[in-house]
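Let me begin by presenting the structure, written as structure tokens, before commenting on it.
Residue numbers (UniProt numbering): 1 to 197.
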């Protein structure tokens, strides 16, 4: 049977069970006693936790979950659903959008990684999420662009040609504004300067 606790009492914070979680590991991670964790979750069997199950953790708010969790074959949940939708939007077939990282999703990830020239390992980490257009909370280093230009962060599929069309300028103008940038070796997350029309 699957227990879903939706609201947590004052003084506790909701936490969603992930693969490998145990009450002991959660109590250590959030620095609370095992007894306090069990007491905060009456009706939850610590020996029968389910991925996606929500429990209540006593004490301060737990650290936020990364918007870019590491996913691999066997992963499940809403992050996998998001990944599958992003792959499909990018033209890769992850199979059914079901929140289960199976072999078809892994094959789609590897094809995407190959096309984006990033490590082809079938594991979705920060680099693959970023290539899919997800902001992983990394603030890129500031780039000083000359007057008359605007900083722009390279995303998957960008070329100087596509950027020139999007920003109503020319490829030559973008090349002049970025003398140290190789237009044939753009990297996702790289910051370039776009001339203003």
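Where is the CB? At the ideal position from N, CA and C, for every residue including glycine.
Is the Cβ-Cβ distance between residue 110 and residue 121 less than 9 Å?
Yes; because the gap between Cβ atoms is below 9 Å, this pair is in contact.
Which residues in the same chain as residue 118 place their Cβ atom closer than 7 Å to its Cβ, once the five residues preceding and following it in sequence are excluded?
127, 128 and 131.
Rank 192, 185 and 186 by C-alpha distance to the C-alpha of residue 232 and give the top, closest one.
This structure cannot speak to residue 232, because the chain is shown only from 1 to 197.
Can you give the beta carbon distance from residue 101 to residue 80, rounded, assuming they're within the 8 Å contact cut?
Rounded, the Cβ-Cβ distance is 5 Å, consistent with contact.
Quick one: what does DSSP say residue 62 is sitting in, helix, strand or coil?
Any reading at residue 62 must be qualified, since the residue scores a pLDDT of 47, below 50, and its modelled position is unreliable; the value itself is stated next. Residue 62: coil per DSSP, three-state reduction.
Quick check on the DSSP output: the alpha helix (DSSP H) that includes residue 175 runs from which residue to which?
Element bounds for residue 175: 171–177.
Classify residue 191 as helix, strand or coil using the three-state DSSP reduction.
Residue state, collapsed to three classes: strand.
Can you list, in chain order, the residues of its chain whose CB lies under 8 Å from that of residue 42, leaving out five sequence neighbours each side?
There are no such residues.
So what's residue 54 in DSSP terms, helix, strand or just coil?
In this structure, residue 54 counts as strand in the three-state DSSP scheme.
Output yes or no for whether 9 Å exceeds the beta carbon distance between residue 55 and residue 26.
Yes.
Can you round the beta-carbon distance between residue 83 and residue 106 to whole angstroms, since I take them to be within the 8 Å contact cut?
About 11 Å separates the two Cβ atoms, so there is no contact after all.
How many angstroms separate the CA atom of residue 188 from the CA atom of residue 104?
Spanning the two alpha carbons is a distance of roughly 25 Å.
According to DSSP, which residues form a beta bridge with residue 153?
DSSP lists 191 as partners of residue 153.
Report the residue from 44, 91, 52 and 68 whose alpha carbon sits nearest the alpha carbon of residue 19.
Ranking the options by Cα distance to residue 19, first place goes to 52.
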